[in-house]
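If you want it as structure tokens, here you go:
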């Protein structure tokens, strides 16, 4: 919305009003003109830039060591090439952050001054017409120069009729979630037609778990106790026979005394859902194909619906903040608000409080959500796509809550709840619940986000507690009760030690002298050091962690004989070995994580791997779907993703780096309320670093959609926030 300040007249305030106005305006002007006038502000600025520099240096480090670890080298091979890459990439990231923040600050200063100056009778709420911005600063001049270049680019684009038509189309489509949902379904339809379902080995493990559970529940006797099973390994350390829980191993000390064949390894809720539908499909049709296709189709529709709602929440948030309030508190055009007739009461909420994205931003987001990598992944029954959709959904709910809180800063919690609506609160709770049932690491993410939002939103703390903390507590209590009752087998703690296993295995392979006899006695009950040295692969910890009873899998983790007491000394032994082999530990850490932040690195496992792999041979109907069309289409997409630069948007690490840059800009701009829930993105990056495999696209799926939306969030206007806070201060002053 464009406002013409010169077209609106302002009344001259009285002397009493002018005094109040001048005090408020002086405080705001002083704060805006001298942001570093105190020692605390200088210290805060230094801390913010230090944090951003650290993030940029991490991206630079991962980019620099990429060539080393792609050649299976070591950090000791660091040369001048790595130095140039490190310095160049770090400087590039910092330059992008500086450019974005300068542009936003210049635009925000102009928009805030325009918004306040266009309000009729601003002195009625204690806001004086803003003073002209200081045009003498170097930052302001650079920002103005950037705006001039941007205006020239816009003029050039206006001369292209086809581009104008596309921008109008994007604006119309992204302004309505129902229309956008239909567009996304059509845009992703090719993926469903070509692949029908996308899967890996995990879904078959879930089907086997449910099948064993179902047969056991109906009286069939299955091997369970150690006395029923004979564990024999051949000369290569490969197990010859195992139970369902040994295929993807879970330590036997975790098994309840009463036989149960359900585990929380692949998330118990999804195991029951996928397993039940696939079992029913097998029972009635003779194949699991129909059940898997139905599951993939349902997830495809759900992902499209979630993405549509989330995108509209970011580009057109006023769509969801419906007018459930009294007329004087509904969103209205800026020129009609804060009139003299309502000066004595709380001001109306302006539509500028709900930032509306530009047509260019909408067009870019529309192109982004049609990304082939995400379209194919929406059909994936690998847990990660469902978690990605849940996190995107949760992200949109948090943004709507932030916009509402910002718009109704001066109002009570009850009024904010009415602005949100009970349907939204239920929707937010469902998004949180879907995160919890789709990924085990969602629980700590939600717990930390609940704490940060509780601290950030001082006047609306109870809303995040009900929509985030309550579902978390209910889910964890239900899961813990089922585990305690012996209904399911708890997840093995070795799942959270992938990086530690990689470091031990690399040391065993390349520095065997570091293993002292006392250290060997501690580790031997947990892992087979000899097999770990043979199985170690720098980019994949599953070869040493998930060494179950399948062909071509070596027995590294001694899940069948390990005890709880043995596992208790693992961390101490790992730390002791690290003191003797620091280089191997650094190499193992970087080799297993650098690819997530190196945009030049090709994914170790891309999103398109799950579209065509050996697992489809288990279901011939899917393998030969439409005459085997999945093979050439998947090969084309894989080839496209490997093209330098042109293939980067199909890589998750491209969007990961973009998200980290956007987060850095928020830190510099002090968008603390946005960061209070977007901290989940940083925590997700931590999950990537500690994940079993390097540069695994499925761990980065949420960022394909979230990263561009973060860019929109940081560029949103804060006009209403300025007006609302000033009005709140003036109202508070009257009550004193």
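Numbering (the working numbering), first residue to last: 692 to 1427. From the three backbone atoms N, C-alpha and C, an ideal C-beta is built for every residue, glycine too.
Checklist entry - Contact check, residue 1324 vs residue 885 under 8 Å by CB: the rounded distance? => result 5 Å between Cβ atoms; contact.
Checklist entry - Who does residue 1248 pair with in a DSSP beta bridge? => result Beta-bridge pairing links residue 1248 to 1218.
Checklist entry - Do the stretch 1195–1204 and the stretch 1224–1237 touch if we need at least three Cβ pairs shorter than 8 Å? => result Result yes; three or more Cβ-Cβ pairs closer than 8 Å.
Item to check | Assigned secondary structure, residue 757 (DSSP; H/G/I helix, E/B strand, else coil) | outcome: For residue 757, the secondary structure class from DSSP, reduced to helix, strand or coil, is helix.
Checklist entry - How is residue 1387 classed by DSSP in three states: helix, strand or coil? => result Three-state DSSP puts residue 1387 in a strand.
Next on the checklist: On a Cα-Cα basis, can you pick out the residue from 785, 1191, 947 that is closest to residue 1176?
Outcome noted: It is 947.
Checklist entry - What number of angstroms, rounded off, separates the C-alpha of residue 660 from the C-alpha of residue 736? => result Residue 660 is absent from the model: the chain starts at 692 and stops at 1427.
Checklist entry - Unbroken alpha helix (DSSP H) runs of length 4 or more, entirely within the stretch 875–910: which are they? => result Fully enclosed alpha helix (DSSP H) runs of 4 or longer: 892–908.
Next on the checklist: Suppose the cutoff is 7 Å on Cβ atoms and the five residues either side in sequence are ignored; what does the same chain contact list for residue 1093 look like?
Outcome noted: Annotation for residue 1093: 1364, 1365 place their beta carbon closer than 7 Å to its own, counting only its chain and skipping 5 residues before and after.
Checklist entry - For residue 1289, which residues of its own chain have a beta-carbon under 6 Å away from its beta-carbon, when the five flanking residues on both sides are left out? => result Here residue 1289 has 753, 754, 757 as same chain residues with Cβ atoms under 6 Å from its own Cβ, once five neighbours each way along the sequence are excluded.
Next on the checklist: Taking 8 Å as the limit between beta carbons, can you name the residues of its chain near residue 1359, skipping five residues before and five after?
Outcome noted: Cβ-Cβ distances below 8 Å link residue 1359 to 739, 740, 743, 788, 792 in the same chain, with the five nearest sequence neighbours on each side left out; the list follows chain order.
Checklist entry - Are the C-beta atoms of residue 892 and some chain C residue less than 7 Å apart? => result The chain labelled as chain C is not found in the depicted structure, where only one protein chain is given.
Checklist entry - Distance, Cα to Cα, residue 1166 vs residue 749? => result Taking the straight line joining both Cα atoms gives about 35 Å.
Item to check | C-beta atoms of residue 1384 and residue 1067 nearer than 7 Å | outcome: No.
Next on the checklist: Based on DSSP bridge pairs, tell me the residues matched to residue 1428.
Outcome noted: This structure leaves residue 1428 out entirely; the chain is present only between 692 and 1427.
Checklist entry - What residues are listed by DSSP as bridge partners for residue 1071? => result BP columns for residue 1071 point to 889.
Checklist entry - Exposed or buried, which one is residue 1039 when buried takes at least 16 other CB atoms within 10 Å? => result Model confidence at residue 1039 stands at a pLDDT of 42, short of 50, so the residue's coordinates are unreliable; what they give is reported in the following sentence. Residue 1039 comes out buried.
Item to check | residue 1008 to residue 888 span [Cα, whole Å] | outcome: Between the alpha carbons of residue 1008 and residue 888 lies a distance of about 33 Å.
Checklist entry - Does the count of Cβ pairs from the stretch 897–906 and the stretch 1148–1160 closer than 8 Å reach three? => result Taking a contact to require three or more Cβ pairs closer than 8 Å, the stretch 897–906 and the stretch 1148–1160 do not qualify as touching.
Checklist entry - Any heavy atom of the ligand ATP closer than 6 Å to the CB of residue 857? => result The ligand ATP is not part of the structure shown, which contains no ligands of any sort.
Item to check | Sheet register partners of residue 1296 (DSSP bridge) | outcome: According to the DSSP secondary-structure assignment, residue 1296 is paired through a beta bridge with 1387.
Item to check | Alpha carbon of residue 1294 to alpha carbon of residue 1380, nearest angstrom | outcome: Taking the straight line from one Cα to the other gives about 14 Å.
Item to check | Range covered by the alpha helix (DSSP H) that runs through residue 1001 | outcome: From DSSP, the alpha helix (DSSP H) with residue 1001 extends over 980–1006.
Item to check | Three-state secondary structure (DSSP) of residue 1117 | outcome: The answer is helix: DSSP assigns residue 1117 an H, G or I state.
Item to check | Buried or exposed by the 16-neighbour rule on C-beta atoms within 10 Å, applied to residue 912 | outcome: Exposed, since its Cβ has fewer than 16 Cβ neighbours within 10 Å.
Next on the checklist: Let's see if you can read the secondary structure: which residues bound the alpha helix (DSSP H) around residue 1344?
Outcome noted: Run containing residue 1344: 1343–1360, per the alpha helix (DSSP H) assignment.
Item to check | Reduced DSSP secondary structure (H/G/I, E/B, other) of residue 870 | outcome: For residue 870, the secondary structure class from DSSP, reduced to helix, strand or coil, is helix.
Checklist entry - When the Cα atoms are used, what is the spatial distance from residue 956 to residue 855? => result Straight-line Cα distance between these residues: approximately 51 Å.
Next on the checklist: So if DSSP puts residue 787 in a beta bridge, which residue, or which two residues, is it bridged to?
Outcome noted: Looking at the DSSP assignment, residue 787 forms no beta bridge with any residue, so it has no partner.
Checklist entry - In the structure shown, what three-state DSSP assignment does residue 1172 receive? => result Residue 1172 falls in the helix class under three-state DSSP.
Item to check | Whole-angstrom distance between residue 1256 and residue 1262, CA atom to CA atom | outcome: Pairing residue 1262 with residue 1256, the inter-Cα distance amounts to about 12 Å.
Checklist entry - Roughly how many angstroms separate the alpha carbons of residue 872 and residue 773, rounded to a whole number? => result For residue 872 and residue 773, the gap between their C-alpha atoms comes out near 45 Å.
Item to check | residue 1310 beta carbon less than 7 Å from that of residue 1072 | outcome: It is not a contact, given that the beta carbons lie outside the stated cut-off.
Next on the checklist: Along the chain, where does the alpha helix (DSSP H) containing residue 966 start, and where does it finish?
Outcome noted: Membership of residue 966 in the alpha helix (DSSP H) is indicated by the continuous run 959–976.
Item to check | Nearest-angstrom Cβ-Cβ length linking residue 1399 and residue 1056, presumed shorter than 8 Å | outcome: With a Cβ gap of about 5 Å, residue 1399 and residue 1056 count as contacting.
Checklist entry - Are three or more beta carbon pairs between the stretch 1266–1283 and the stretch 1327–1344 nearer than 8 Å? => result The stretch 1266–1283 is not in contact with the stretch 1327–1344.
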